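Notes follow once the structure below has been shown.
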Amino acid sequence: LSPSLQSSRTARSEEDRDSLWDAWGSWSECSRTCGGGASYSLRRCLSSKTCEGRNIRYRTCSNVDCPPEAGDFRAQQCSAHNDVKYQGQFYEWLPVSNDPDNPCSLKCQAKGTTLVVELAPKVLDGTRCYTESLDMCISGLCQIVGCDRQLGSAIKEDNCGVCNGDGSTCRLVRGQYKSQLSASKLEDTVVAIPYGSRHVRVVLKGPDHLYLETKTLQGVKGENSLSSTGSFLMDNSSIDFQKFPDKEILRISGPLTADFTVKIRYAAEADSSVQFIFYQPIIHRWRETDFFPCSASCGGGYQLTSAECFDLRSNRVVADQYCHYYPENIKPKPKLQECNLDPCPASDGYKQIMPYDLYHPLPRWESTPWTACSSSCGGGIQSRSVSCVEEDIQGHISPVEEWKCMYTPKMPVVQPCNIFDCPKWLAQEWSPCTVTCGQGLRYRVVLCIDHRGMHTGGCSPKTKPHIKEECIIPTPCYKPKEKVPVEAKLPWYKQAQELEEGAVVSEEPSFIPEAWSACSVTCGVGSQMRLVKCQVLLSFSQSVADLPIDECEGPKPVSQRACYSGPCSGEATEYNPEETDLMYGSLQEFDELYDWEYEGFTQCSESCGGGVQEAVVTCLNKQTREIADEMLCITSRRPPQLLKACNLEPCPPR
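Each residue of the sequence shown is one higher than the one before, counting from 1 in the UniProt record's numbering.
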């Protein structure tokens, strides 16, 4: 058969098949009045034989949100059985949602009991299959529904909640908070999550507790202590909270109907950490204006559009810097069009006032550069002068009257600047005690952190937390009581070092120190060095692989320590109390005068694609703040290595 003949027969057979059916009937009434329901249409088979295809079709309807007081549709169906006895007893029935085996059966739980009963084999058409999905049950089967509310549609919402969107109307916010205990502080703010945010997830690890504060757009405030596990509503936002002995998890699918503030309430001396992630809506967006009035009343003129920054929450125009805050926002360019092209009457001279054409640009606003900000952080003000100028055909620019530029708004002459928070000190966790018994020292890193979480300068030295303090290990050292920390006492310093436990390579990345080098001096106090690697045991090959340092967790073992090689110049090998006090007294003075401190970071190891920077550690004279020989800090424990990521932007293609 020829292809044309075969295709005509196929088309005719399909036509014959469809002709066996009567026309589709009218659509039924919607199964719901709101929240998304289902409607059906029927057709009749006109043949005495079986017709191919289905005699019923469905579509969605009533796709408008229900008012909050309407309640859950599945819950309404369960409560309809409250006045019907079950096994001779009345119960108050609550819905059991998200059944993975049969989501479209009506399973309900008797309130206050563990009794779960299937009260109907099918829920009503239009009931959601799952609480977090638009898919709906129709005739007892779960049907896929896209975000466009159409049956069988695979269209999904993006992370911003926009149906079939590209994710450009929101931004991902993620971060971490570490608690910093103080005697005067019982609570602290973890993060503020603005109205409209979605997919909120907050995880606390540690002994402290989370709680929530809210503020609606109308200024109404609320609070929830999050005292127990469960799901609940707060300002019409559904919240899921899980409480464990050493962890708390908070989830809010959103969009938030108020501004939420996540706070932490301190419960113990141990530190806690909080990780958070959410999608924040870009609430300030550029909006193109209508065309401004024509530059001429007749004879041909021009008019322009502009762009204004619009607050989507308050539905009002705000200052441009709010839109400049989001790098995703690109200000639209002005559009220009001709206008009032009718010839001017001989008596009308207005056209002569503004004789602009394609070769004679419109007057425009010009501004001087902004002045320096009045404050380097915490909010300041800067100003500039703005004037109306005109450019002639030769390109010469001259000032003109301001009314000639009024076809576009005048640029602001004052604006806020440096509205970010000032740098503040951030204290890291304390290191382990430097000794295994008795009295020793412990250290911590204290960094000056800016509003982006980056290491910077500018913090007040007067408010800097101390980086070293004494610590006591309750294990007795079995030696005479001493006046200063054990680590500064030379006869027992070596003893404390020898108590360090060796590390063995395992299948988990771990720090593996090599053997100490020989002491740098043959007598007196010197130093020893060793290499500390991050290594892992490859189980399949039983070989050891070196990893980048940041792959290992926990404190890195020290790579330098003091050593004592015995007395110099023929001194006795044992000290009498007077000699001991003289030698240790001088070391104690060094300890009080010199100390290690972080002094900025090295250059990034990579120019793009992600690299690392290492904190530079120097020995400083604490009185003069001058850099000293490292040997003068030998009685202080060198602080741990500190790395940070840098140049994370992707490398350009070659």
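Backbone N, C-alpha and C fix where the C-beta goes; we use that ideal spot for every residue, glycine too.
A quick note: this is a predicted structure, and the numbers were derived from the prediction, not measured.
Length of the line joining the Cα atoms of residue 210 and residue 41: Looking at the two C-alpha atoms, the distance is approximately 52 Å.
- request: Any chance you could list the beta strand (DSSP E) runs of at least 3 consecutive residues sitting entirely within the stretch 286-355, in chain order?
  value: Runs of the beta strand (DSSP E) inside the stretch 286-355: 301-304, 307-311, 316-318, 336-339.
query: Closest to residue 343 by CA distance: which of 454, 379, 299, 293 is it?
result: 299
- prompt: For residue 250, is the classification buried or exposed, using 16 other Cβ atoms within 10 angstroms of its Cβ as the cut-off for buried?
  reply: Buried, because 16 or more other Cβ atoms sit within 10 Å of the Cβ of residue 250.
- prompt: Taking the alpha-carbon positions, what's the residue 451 to residue 91 distance?
  reply: 56 Å
- prompt: Taking the alpha helix (DSSP H) that residue 74 falls in, what are its first and last residues?
  reply: 73-79
message: Looking at the secondary structure, which residues open and close the beta strand (DSSP E) in which residue 651 lies?
response: Careful: residue 651 lies outside any beta strand (DSSP E) and carries neither H nor E.
- prompt: Measuring CA to CA, which of 267, 275, 414, 195 is closest to residue 236?
  reply: 195
field: Cα-Cα separation, residue 379 to residue 387
entry: 27 Å
query: Is it buried or exposed for residue 403, if we count other Cβ within 10 angstroms and need 16 for buried?
result: With fewer than 16 other Cβ atoms within 10 Å, it is exposed.
task: Have a look at residue 397 and residue 415 and give me their C-alpha separation to the nearest angstrom.
output: 26 Å
- prompt: Along the chain, which unbroken stretches of the beta strand (DSSP E) at least 3 residues long are found entirely within the stretch 121-153?
  reply: 136-138, 141-143
field: Segment contact flag, the stretch 335-342 with the stretch 309-319, C-beta cutoff 8 Å, min 3 pairs
entry: Judged by Cβ distances under 8 Å, the stretch 335-342 makes no contact with the stretch 309-319, as fewer than three pairs qualify.
message: Buried or exposed, going by whether 16 or more other CB atoms sit within 10 Å of the CB of residue 137?
response: buried
query: Fully enclosed by the stretch 355-401, which alpha helix (DSSP H) runs are 4 residues long or longer?
result: none
- request: Grab me the residues of residue 186's own chain with a C-beta within less than 6 Å of its C-beta, minus the 5 sequence neighbours each way, in chain order.
  value: 266
As assigned by DSSP and simplified to three states, the class of residue 93: strand
Per-residue burial, residue 244 [other beta carbons within 10 Å of its own, 16 or more giving buried]: exposed
task: Could you check what DSSP says for residue 404 in three-state terms: helix, strand or coil?
output: helix
- request: Tell me whether residue 434 is buried or exposed, calling it buried when 16 or more other Cβ atoms sit within 10 Å of its Cβ.
  value: When all chains shown are included, residue 434 counts as buried.
field: Range of the contiguous beta strand (DSSP E) that encloses residue 417
entry: Start and end: 414-417.
task: Look at the alpha carbon of residue 339 and the alpha carbon of residue 408, and state the distance between them as a whole number of angstroms.
output: 16 Å
Under 7 Å between C-beta atoms of residue 365 and residue 417: no
- prompt: Which residue spans inside the UniProt domain "ADAMTS/ADAMTS-like Spacer 1" (174-281) form an unbroken beta strand (DSSP E) run of at least 3?
  reply: The qualifying runs are 187-193, 198-205, 209-215, 221-224, 230-234, 237-243, 247-252, 259-265, 273-281.
- prompt: Do residue 67 and residue 161 have their CB atoms nearer than 7 Å?
  reply: no
- request: Confirm, please, whether the CB-CB distance from residue 613 to residue 664 is below 7 Å.
  value: The chain is shown from 1 up to 654; residue 664 falls before or after that span and cannot be answered.
Where the beta strand (DSSP E) containing residue 86 begins and where it ends: It is not in any beta strand (DSSP E) - residue 86 carries neither H nor E in the DSSP assignment.
message: Please report the distance separating the alpha-carbon of residue 217 from that of residue 281.
response: 15 Å
task: Taking only the alpha-carbon atoms, compute the straight-line gap between residue 302 and residue 373 and give it to the nearest angstrom.
output: Residue 302 and residue 373: Cα-Cα distance of roughly 37 Å.
- request: Return yes when the C-beta of residue 344 is under 6 Å from any heavy atom of the ligand FAD, and no when it is not.
  value: Annotation note on the ligand FAD: not contained in the displayed structure, which lists no ligands.
- prompt: Is it true that the CB of residue 595 sits closer than 7 Å to the CB of residue 556?
  reply: no
task: With DSSP collapsed to three states, give me the class of residue 38.
output: Three-state result, residue 38: strand.
- prompt: Just how far apart, CA to CA, sit residue 315 and residue 221?
  reply: 22 Å
- request: Kindly indicate the opening and closing residues of the beta strand (DSSP E) around residue 112.
  value: Run containing residue 112: none; DSSP gives neither H nor E here.
Per-residue burial, residue 93 [other beta carbons within 10 Å of its own, 16 or more giving buried]: buried
- request: Assess, as a yes-or-no matter, whether the stretch 120-139 is touched by the stretch 68-81 under the definition of 3 or more beta carbon pairs within less than 8 Å.
  value: Put simply, the stretch 68-81 touches the stretch 120-139. At least three CB pairs are less than 8 Å apart.
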